[in-house]
Amino acid sequence: MPKVYGAILSPYVRKVLLVLEAKGVAYENEQVFPGALPEGYTDVSPLGKIPALSDGDFNLSDSTVINEYLEERYPEPSLMPTSVEARAEARWLEEFADTALVEALLVPFFQRVVAPMRGLETNEEAIAKAEAGSIPKALDYVETVVNGAEFLADGKLSIADIAMVSPFINAEIGGYKLDASRWPKTAAYVAFVRSQEVVQKREAEEKALLGG
Ligand SMILES: N[C@@H](CCC(=O)N[C@@H](CS)C(=O)NCC(=O)O)C(=O)O
0 MPKVYGAILS PYVRKVLLVL EAKGVAYENE QVFPGALPEG YTDVSPLGKI PALSDGDFNL
60 SDSTVINEYL EERYPEPSLM PTSVEARAEA RWLEEFADTA LVEALLVPFF QRVVAPMRGL
120 ETNEEAIAKA EAGSIPKALD YVETVVNGAE FLADGKLSIA DIAMVSPFIN AEIGGYKLDA
180 SRWPKTAAYV AFVRSQEVVQ KREAEEKALL GG
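So for the sequence shown, numbering that gives the first Met the number 0 puts the first residue at 0; every next one is plus one.
So this is what it looks like as C-alpha cells:
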C-alpha cells in the first residue's frame, strides 16, 4: 500500500491525498512535519520536504512528480484532461498554483496557524502586505482562467482543479476571506470544487484535526 509522508494541512500533501482518494487507492499517511523530520527521512525525500511517497521499496518526493507517478500507476479514473493542449494547460495551472498561488495564499495560514504552533508571534503586517500585493495579483490571474462553477477541463475533476483549490483551503483556515464581489468567478469556482465529495471528505478530516 502506498505511504504518504507529510502533515495533512500542507497544500502539497493535500494534493497527493486528493489524487489517491479520487482514484480510490488505499494508502497510509505518516504525519511528518517540516522542522521535525524523522531520522532517515532524506532517504525518502532528498530535499527534506513534504510530501514524499513510498510504494513498496520505491521512494519519490515532490507533489507534482508523485501525482504524475500515481496517474501512471493507477490510471483510472484519469485526472488528466484528454487533449494535448488541455493537458499542457493543466500542468501549467498546477505549476502556477504550487508557486505564486501558494506563496500568496499561505501567508495568512503560516502567520496565524503555523507561526503560533512554532511559538512565534503572528505578523499581521506580513498578512496585510500579502492582502494588498501578492494575493490580489495571484487572484486577478485566477479570475482570468476559471469559468465559475465548473471544472477547468473536460467537465471533470483534474489535477489542475486539485492543485488550484488546495491553497484556498489553507487561506480560509488562516482566516482569509475571499472577496466574491472582486473575484466572482474565482469564488464560484473554489466553492464548486470544494463541494465535490472527495474534497469534502478530505476537509472533514482536516477539520477534525483542527478540533472543529
Ligand atoms: N515542490 C514541492 C514543495 C514542497 C514543500 O515546499 N513543502 C513544504 C511544506 S508545505 C516543506 O516541506 N517545507 C520545508 C522545507 O522547505 O524545508 C512539492 O510540490 O512537493
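Note that CB positions come from ideal geometry on N, CA and C, so glycine has one too.
The beta strand (DSSP E) enclosing residue i, as first and last residue numbers
i: D54; result: 51-54
i: K2; result: 2-4
i: E57; result: Per the sequence shown, residue 57 should be read as Phe rather than Glu. Segment 57-60, the beta strand (DSSP E) holding F57.
Contact belief for residue i with residue j at Cβ below 8 Å, rounded distance in angstroms
i: P10; j: S165; result: 4 Å
i: S194; j: L78; result: 18 Å between Cβ atoms; not a contact.
i: A170; j: S133; result: No, A170 and S133 are not in contact; Cβ-Cβ is about 12 Å, not under 8 Å.
Coarse secondary structure for residue i, derived from DSSP in three states
i: S180; result: coil
i: F150; result: coil
i: A25; result: coil
i: K14; result: helix
i: K48; result: coil
8 Å CB neighbourhood of residue i in its chain, flanking five on each side removed
i: R111; result: T121, I126, G173, G174
i: V24; result: P1, L69, Y73
i: E27; result: M0, P1, K2, V3
Boundaries (first-last residue) of the alpha helix (DSSP H) holding residue i
i: L92; result: 83-95
i: N169; result: 158-172
Spatial neighbours of residue i in its chain, beta-carbon cut-off 6 Å, leaving aside the 5 residues before and after
i: A51; result: Y4, V43, S44, S60
i: A270; result: In the structure as shown, the chain starts at 0 and stops at 211, and residue 270 therefore has no counterpart that could be examined.
Contact set for residue i: own chain, Cβ-Cβ below 7 Å, skip 5 residues either direction
i: P80; result: R86, A89, A152, D153, S157
Counting Cβ pairs closer than 8 Å, one from the region 156-165 and one from the region 15-23, do we hit at least three?
The region 156-165 and the region 15-23 touch, with no fewer than 3 CB-CB distances between them shorter than 8 Å.
For the 8 Å Cβ check, are there 3 or more pairs between the region 144-154 and the region 79-90?
Contact holds: three or more Cβ-Cβ distances are below 8 Å.
For the structure I just gave you, are there three or more beta carbon pairs, one from the region 146-156 and one from the region 173-189, closer than 8 Å?
A contact exists between the region 146-156 and the region 173-189.
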